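Shown next, in structure tokens, is the structure this report addresses.
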Amino acid sequence: MLLKDEVEMLRRITLFSGLPPAKLKLLAFTSDRVMYSAGENLFHQGDIGDAAYVILSGKADVLVSTQTGQLKVAEVEQNSIVGEIAILCNTPRTATIQTTTPLEALRIRKDDFLKLLADFPEMAVEIMRVLADRLSQTTSELTEARSRAQRAEA
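Written out as structure tokens, the structure reads:
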């Protein structure tokens, strides 16, 4: 994939859509393009957060460890970003990302990602929207699961 193609892919991602073309080109240039086969992990729950990943093609499962094994909590696909929580919160990875198809991604190093946020506050607002949407989805799923558990106990 050419640099101009990577820039175009980044432009399609809501998080980066407001960035000027020169910044998108710089982001694409400083990012690493990585490829994974189906069944490989981008990272594991508990790893240090050193980068975020923008999925250019393919799909992956978001898995969390539980007492009974891995639990799939979501699926991500083209134009999704993963790994930003560990970077933003300076915490270990909250989930494992395992590919379900061949996957191509841009790996954005932590320092480059944080610099973008500092330079473009509107990008930070978009990250908050993404995280708020995820929190809302998780809250809904948790509420539904607790309701099912209470009905099962009754």
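In this text, residue positions in the sequence shown follow this note's numbering: the first is 23, and each later residue adds one.
A virtual CB, placed ideally from N, CA and C, is assigned to each residue, including glycine.
The model shown is predicted, which means the values in this text are computed figures rather than measured ones.
Would a C-beta distance cut-off of 8 Å place residue i and residue j closer than the cut-off?
{"i": "Glu-126", "j": "Leu-78", "result": "yes"}
{"i": "Val-104", "j": "Tyr-58", "result": "no"}
{"i": "Glu-106", "j": "Ile-149", "result": "yes"}
{"i": "Arg-40", "j": "Glu-144", "result": "The identity of residue 40 in the sequence shown is Gly, whereas the question assumes Arg. In this structure, Glu-144 lies closer than 8 Å to Gly-40 by Cβ."}
{"i": "Leu-32", "j": "Leu-46", "result": "yes"}
{"i": "Lys-81", "j": "Thr-122", "result": "yes"}
{"i": "Arg-129", "j": "Ala-73", "result": "yes"}
{"i": "Leu-139", "j": "Ala-146", "result": "yes"}
{"i": "Arg-55", "j": "Asn-101", "result": "no"}
Based on DSSP bridge pairs, tell me the residues matched to residue i.
{"i": "Leu-85", "result": "Lys-94, Thr-118"}
{"i": "Arg-55", "result": "Leu-128"}
{"i": "Phe-38", "result": "DSSP, once it has assigned bridges, lists no residue as partnering Phe-38."}
{"i": "Ser-79", "result": "Glu-126"}
{"i": "Ala-4", "result": "Absent from the model: residue 4. The displayed extent of the chain is 23 to 176, so no value can be given."}
Return the Cβ separation of residue i and residue j in integer angstroms, given the expectation that the two are a contact with Cβ distance under 8 Å.
{"i": "Thr-116", "j": "Asn-63", "result": "About 14 Å; that fails the 8 Å criterion."}
When the Cα atoms are used, what is the spatial distance from residue i to residue j?
{"i": "Val-182", "j": "Ala-96", "result": "Residue 182 is absent from the structure shown; the chain starts at 23 and stops at 176."}
{"i": "Glu-175", "j": "Gly-68", "result": "33 Å"}
{"i": "Gln-172", "j": "Ile-109", "result": "36 Å"}
{"i": "Gln-89", "j": "Phe-135", "result": "33 Å"}
{"i": "Thr-52", "j": "Glu-28", "result": "11 Å"}
{"i": "Glu-163", "j": "Ser-169", "result": "10 Å"}
{"i": "Leu-25", "j": "Glu-166", "result": "44 Å"}
{"i": "Phe-142", "j": "Pro-43", "result": "13 Å"}
{"i": "Asn-112", "j": "Lys-132", "result": "10 Å"}
{"i": "Glu-182", "j": "Gln-120", "result": "Residue 182 lies beyond the residue range present for the chain, which begins at 23 and ends at 176; the question has no answer from this structure."}
{"i": "Phe-38", "j": "Thr-160", "result": "24 Å"}
{"i": "Ala-50", "j": "Phe-65", "result": "21 Å"}
{"i": "Lys-94", "j": "Lys-137", "result": "32 Å"}
{"i": "Val-86", "j": "Arg-151", "result": "22 Å"}
Between residue i and chain C, is any beta-carbon pair separated by less than 8 Å?
{"i": "Leu-136", "result": "Absence of chain C from the displayed structure is noted, only one protein chain being present."}
For a minimum of 4 consecutive residues, which ranges assigned as the alpha helix (DSSP H) are wholly contained in the region 99–158? 106–111, 132–141
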